[in-house]
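Each residue of the sequence shown is one higher than the one before, counting from 15 in the numbering used here.
Positions of the beta carbon are idealized from the N, C-alpha and C atoms, including for glycine.
Everything below concerns the one structure shown next.
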Amino acid sequence: MNKDIDNIKKTRLFLLNAINDLSADQLNEIPAGFNNNIIWNLGHMIAAQQSICYIRAGVLPVVEKKYITDYKPGTKPEQHVDAAEIEKIKHLMLSTLDRLATDRETNVFYNYTTWTIHYGAKLASIDEAIVFLPYHEGLHSGIIITLKKLVSN
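As structure tokens, then:
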């Protein structure tokens, strides 16, 4: 697997391990002062990776459309996510990266469209997109660790 993708996977494995002991209610809890929860952040990481890598290259995402629409920027949790769906999201956290590595190797992202992200940087290729992902994931990792502290008390 590509080193950059492998590093993203290590971060996601760390997060999955960090939240492994939390209940479905804790993963769905929105603490005071926040507008989302742990499971939304995990879903958002999947949606962002799919949008940044696949949709920007004109390639169909490898996840169901609901993950893109329910967890895209500007959304918030609208309903309780049950245990079965939580397990699916946890699985997608890793399987989408495995697929990304395979798809990168087979050059499915040849038609990547240059765009400026709201952080100000321009991404002009799948390689630049993959290098950007750890920054985005780091932001949400910090939020998840903070949320875990709040819902674990």
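Is the Cβ-Cβ distance between residue 59 and residue 142 less than 8 Å? No; because the gap between Cβ atoms is not below 8 Å, this pair is not in contact.
Since residue 41 contacts residue 51 with CB under 8 Å, what's their CB separation in whole angstroms? With a Cβ gap of about 7 Å, residue 41 and residue 51 count as contacting.
Which whole-angstrom value describes the C-beta separation of residue 53 and residue 95, a residue pair presumed to lie in contact below a C-beta threshold of 8 Å? About 5 Å separates the CB atoms of residue 53 and residue 95; that is less than 8 Å, so the two are in contact.
Does the contact criterion of 3 or more C-beta pairs under 8 Å hold for the stretch 18-34 versus the stretch 101-112? Contact holds between the stretch 18-34 and the stretch 101-112, because three or more Cβ pairs, one in each stretch, are under 8 Å apart.
Return the chain-ordered list of same chain residues with a C-beta closer than 7 Å to the C-beta of residue 100, the five sequence neighbours on each side being excluded. Here the set comprises 38, 41, 53.
What's the gap between the Cα of residue 15 and the Cα of residue 149? Its pLDDT being 48, under 50, residue 15 is placed unreliably by the model, and the measurement read from it follows with that caveat. CA-to-CA, the gap between residue 15 and residue 149 works out to about 19 Å.
Would residue 29 be called buried (16 or more neighbouring beta carbons within 10 Å of its own) or exposed? By the neighbour-count rule (16 or more Cβ atoms within 10 Å), residue 29 is buried.
Can you list the alpha helix (DSSP H) stretches of 4 or more residues lying completely in the stretch 48-119, in chain order? Within the stretch 48-119, the complete alpha helix (DSSP H) runs of at least 4 residues are 52-63, 79-85, 97-119.
Starting from residue 155, follow the alpha helix (DSSP H) in both directions and report where the run begins and ends. It spans 140-166 - the alpha helix (DSSP H) in which residue 155 sits, taken as one unbroken run.
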